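The opening residue of the sequence shown carries number 5 in my numbering; numbering runs sequentially from there.
All residues carry an ideal CB built from backbone N, CA and C; glycine is no exception.
The structure presented is a predicted model; accordingly, all values stated were derived computationally and were not measured.
Below is one structure, written out as structure tokens; the observations come after it.
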Amino acid sequence: MVEPKNKFILLVDDDEDDQVFFRELLSKHAPAYQVIGLSNGEELLADLAQCQELPELILLDVNMPLMDGFEALSQIRANEAYRQIYIVMITTAGRALERHKSLFLGANQFMVKPTSMLEANEL
């Protein structure tokens, strides 16, 4: 991983369209932050292990291959060094069970992925 020079956000989602959408959204609403995209929980944990500075925020998709968001969240919260990272779990489904599990495992927030920029701006 290339170490970012400014504050940064880790965006962890295996869907390329969602990555593009969230990058555009974050560039409008958080332009001071560099957004680094990863595609699964294994990449996230490997990336965190190499970071000299921790991200300000992790947007973490629930459903991904190799290691899903729940497993990644659980491992992050088990590591004392990462406990202060603000983590938002994101998903397309928004089922109550996913929300409860996310918050139980230590997510700071749970969000259903917006379907349009207009909807995202209303968040």
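- Residue pairing for L63: DSSP places it in a beta bridge opposite L15, V92.
- As the crow flies, the alpha-carbon of G41 is around 9 Å from that of E20.
- The stretch 69-114 contains, as complete alpha helix (DSSP H) runs of 4+ residues, the segments 73-82, 100-109 (chain order).
- A distance of 8 Å or more separates the beta carbons of G98 and D72.
- Judged by DSSP secondary structure, L49 falls within the alpha helix (DSSP H) whose first and last residues are 45-54.
- Residue environment analysis places R103 among the buried positions, since at least 16 neighbouring C-beta atoms fall within 10 angstroms of its C-beta.
- DSSP places L58 in no alpha helix (DSSP H); its state is neither H nor E.
- DSSP lists V16 as the bridge partner or partners of L42.
- The residues N44, E46, in chain order, have a CB closer than 6 Å to that of L70 in the same chain once the five nearest residues on each side in sequence are set aside.
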